[in-house]
Amino acid sequence: KAGVTQTPRYLIKTRGQQVTLSCSPISGHRSVSWYQQTPGQGLQFLFEYFSETQRNKGNFPGRFSGRQFSNSRSEMNVSTLELGDSALYLCASSGGTGDNEAFFGQGTRLTVV
Amino acid sequence: AQSVTQPDIHITVSEGASLELRCNYSYGATPYLFWYVQSPGQGLQLLLKYFSGDTLVQGIKGFEAEFKRSQSSFNLRKPSVHWSDAAEYFCAVASGSGGSNYKLTFGKGTLLTVNP
Numbered sequence: 001k002a003g004v005t006q007t008p009r010y011l012i013k014t015r016g017q018q019v020t021l022s023c024s025p026i027s028g029h030r031s032v033s034w035y036q037q038t039p040g041q042g043l044q045f046l047f048e049y050f051s052e053t054q055r056n057k058g059n060f061p062g063r064f065s066g067r068q069f070s071n072s073r074s075e076m077n078v079s080t081l082e083l084g085d086s087a088l089y090l091c092a093s094s095g096g097t098g099d100n101e102a103f104f105g106q107g108t109r110l111t112v113v
Numbered sequence: 114a115q116s117v118t119q120p121d122i123h124i125t126v127s128e129g130a131s132l133e134l135r136c137n138y139s140y141g142a143t144p145y146l147f148w149y150v151q152s153p154g155q156g157l158q159l160l161l162k163y164f165s166g167d168t169l170v171q172g173i174k175g176f177e178a179e180f181k182r183s184q185s186s187f188n189l190r191k192p193s194v195h196w197s198d199a200a201e202y203f204c205a206v207a208s209g210s211g212g213s214n215y216k217l218t219f220g221k222g223t224l225l226t227v228n229p
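Sequences listed follow chains Y and R, in order. The first sequence begins at 1 in my numbering and counts up one residue at a time. The second sequence begins at 114 in my numbering and counts up one residue at a time.
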């Protein structure tokens, strides 16, 4: 069974640009969550999608947005990039109901210069 | 709001020694608790989880954790550490609304170094 796949693995962007990250969950999983990991703030929850609807949202500015498609794949977009957006972005998938744990992808390392 | 505290930023142990990583949580309801491990540049791997029932839970790679409600703790233990256990360990509590349990709040992590 394939795991959670995140693409691309590495990205370098310039301040002010926008970026889109992709996450393909484990087959059959309907919930996808996104996390930002930085040395200073640690792991922080961005948002969670279930069956194409955002169910939970963390405390991030509106520049951070996401969506989920009918096949459960999810994308995360960050507009008007800032240097502080440099981070490892992790995606996690789960069954979405009941007592299910989250399985994480390898992450996308975003560097903003 | 929920929170997780991992008091130890960095722990060094010798190979073969026992290990205990501390985790304290703050959450109003019955918590769903997790321990994850992360190797450099990698994602998070689930070691074990507590949802309910037996307060001593077994995980992968010989790890176990004990849930103590009275102390709001969920400490991770391993009787004999191997060099391959060197990594960063994260404790997390799950919460959510609308039936979702997948908003994870993480501690800051404990970096484990294993000396030969």
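Positions of the beta carbon are idealized from the N, C-alpha and C atoms, including for glycine. Since the structure is predicted, the reported quantities are computational estimates derived from the model, not experimental observations.
Check, Outcome
"Interface residues of chain Y facing residue 222 of chain R [CB-CB closer than 7 Å]", "42"
"Residue 104 of chain Y and residue 156 of chain R closer than 7 Å at C-beta", "yes"
"Which of helix, strand or coil DSSP assigns to residue 124 of chain R", "strand"
"Counterpart residues of residue 180 of chain R in DSSP-defined beta bridges", "R:187"
"Contact with chain R by residue 45 of chain Y, beta-carbon distance below 7 Å", "yes"
"Per DSSP, the bridge partner or partners of residue 204 of chain R", "R:148"
"Cβ neighbour criterion (16 or more within 10 Å) applied to residue 228 of chain R", "exposed"
"Beta-carbon gap between residue 18 of chain Y and residue 88 of chain Y smaller than 7 Å", "no"
"Same chain only: Cβ atoms within 6 Å of residue 13 of chain Y, ignoring 5 sequence neighbours per side", "19, 81 and 112"
"Residue 94 of chain Y CB to nearest heavy atom of the ligand SAH below 6 Å", "Looking at this structure, you won't find the ligand SAH or any other ligand, since it has none at all."
"Contact with chain Y by residue 166 of chain R, beta-carbon distance below 7 Å", "no"
"DSSP-derived helix/strand/coil call for residue 234 of chain R", "The structure shown has nothing for residue 234 of chain R, since chain R only spans 114 to 229."
"Secondary structure of residue 83 of chain Y, DSSP reduced to three states", "helix"
"Inside the segment 23-53 of chain Y only - beta strand (DSSP E) runs reaching at least 3 residues", "31-38 and 42-50"
"Close-in-space but distant-in-sequence residues of the same chain around residue 106 of chain Y (CB under 7 Å, 5 per side omitted)", "6 and 9"
"Interface flag, residue 156 of chain R vs chain Y, CB-CB below 7 Å", "yes"
"Identity of the residue in Y:16, Y:45, Y:93 and Y:4 nearest residue 51 of chain Y by Cα", "Y:93"
"Amino acids of chain B, ordered along the chain, whose beta-carbon sits closer than 7 Å to that of residue 106 of chain Y", "Considering every chain present, this structure includes no chain B. Its protein chains are Y and R."
"Cutoff 7 Å: residue 180 of chain R Cβ touching any chain Y Cβ", "no"
"Where residue 133 of chain R falls, given that 16 or more other Cβ within 10 Å makes a residue buried", "exposed"
"Inter-residue spacing [alpha-carbon to alpha-carbon] between residue 49 of chain Y and residue 79 of chain Y", "19 Å"
"Contact with chain R by residue 33 of chain Y, beta-carbon distance below 7 Å", "yes"
"Nearest to residue 230 of chain R (by Cα), restricted to the options R:192, R:147 and R:168", "The first residue shown for chain R is 114 and the last is 229, placing residue 230 of chain R beyond what the model contains."
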